[in-house]
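Residue numbers (our numbering): 30 to 118. Virtual Cβ for every residue (Gly too), placed ideally from N, Cα, C. No experiment lies behind these values; they were computed from the predicted model shown.
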């Protein structure tokens with residue numbers, strides 16, 4: 030996970046599948062998934078408006094997963110659990 034001033038440097042063009050996601054704490058965002066023959070890349074970008082409304086002084090908060098499809102398939106339930114457990118404090 031990372032936060033930064035400015036915007037996330039993600040170009041979701043191409044074959045990325047875009048889905049909404051919500052953490053257990055109610056944080057909303059977009060999940061961008063793209064794959065090639067052997068690897069999967071997933072970018073999580075939290076809703077900037079929600080972050081601002083909650084009083085956080087960052088314009089971008091997100092996460093990035095890049096691994097082989099085999100490793101992802103073996104661990105996807107744990108990865109999803111970790112992402113959904115994110116909360117801001």
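Query raised in the report: Which whole-angstrom value describes the C-beta separation of residue 116 and residue 54, a residue pair presumed to lie in contact below a C-beta threshold of 8 Å?
Result: 4 Å
**Report entry** Secondary structure of residue 107, DSSP reduced to three states
**Finding:** helix
Report task. Rounded to whole angstroms, what's the CA-CA distance from residue 33 to residue 91? Just pull it up for me. Result -> Summary for residue 33: the model assigns pLDDT 46, below 50, so the residue's position carries little reliability, and this model does not support an answer.
Report task. Only counting runs of 3 or more residues, tell me where the beta strand (DSSP E) segments fall wholly within the stretch 48-97, in order along the chain. Result -> 57-64, 68-75, 89-97
Query raised in the report: Excluding five sequence neighbours on each side, which residues of the same chain lie with their C-beta closer than 7 Å to the C-beta of residue 72?
Result: 39, 61, 91, 93
Query raised in the report: So which of 59, 110, 96 has the shortest CA-CA distance to residue 78?
Result: 59
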